[in-house]
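**Student:** Position 58 of the sequence shown, counted from 1, bears residue number 39 in the numbering used here, the numbering being contiguous throughout.
Ideal Cβ placement from N, Cα and C applies to all residues, glycine included.
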Amino acid sequence: MTVLKVEAMHCPHCVARIEKALSEAGLKFSVSLEKKTVTIDGCDGCVKKAVGILDDLGFDAVKA
């Protein structure tokens, strides 16, 4: 598991956009709006894919 900090995630709409995009990519993950984190359950390749997707959505993600 890798936890990514996503500071710009600030509302339920942000969470929905992230969940939709990561689900469509076939990734296993969980999102916490309260903690502003996305936890990726997978290999380094999955994490890189998730970071790229988040970047495409306009969210900076860094390992927590």
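1. State the Cα-Cα distance for the pair T(-17) and K29, rounded to the nearest angstrom.
2. Using the C-alpha atoms, what's the distance from V32 back to K17?
3. Using the three-state DSSP reduction, which class does V19 fall into: helix, strand or coil?
4. What would DSSP say about V(-4), mapped onto helix, strand or coil?
5. Less than 8 angstroms between the C-beta atoms of L8 and C24, yes or no?
**Tutor:** According to the structure shown:
1. If you number the sequence shown from 1, residue -17 lands on position 2. If you number the sequence shown from 1, residue 29 lands on position 48. Spanning the two alpha carbons is a distance of roughly 11 angstroms.
2. Here the question's residue 17 lines up with position 36 in the sequence shown. Here the question's residue 32 lines up with position 51 in the sequence shown. Distance between the alpha carbons of K17 and V32: 14 angstroms.
3. Residue 19 sits at position 38 when you count from the first residue of the sequence shown. In the three-state scheme derived from DSSP, where H, G and I count as helix and E and B as strand, V19 is classed as strand.
4. Here residue -4 refers to the residue found at position 15 of the sequence shown. Helix at V(-4).
5. On the sequence shown, position 27 is the one that residue 8 refers to. On the sequence shown, position 43 is the one that residue 24 refers to. Contact check for L8 against C24 fails: the beta carbons are separated by 8 angstroms or more.
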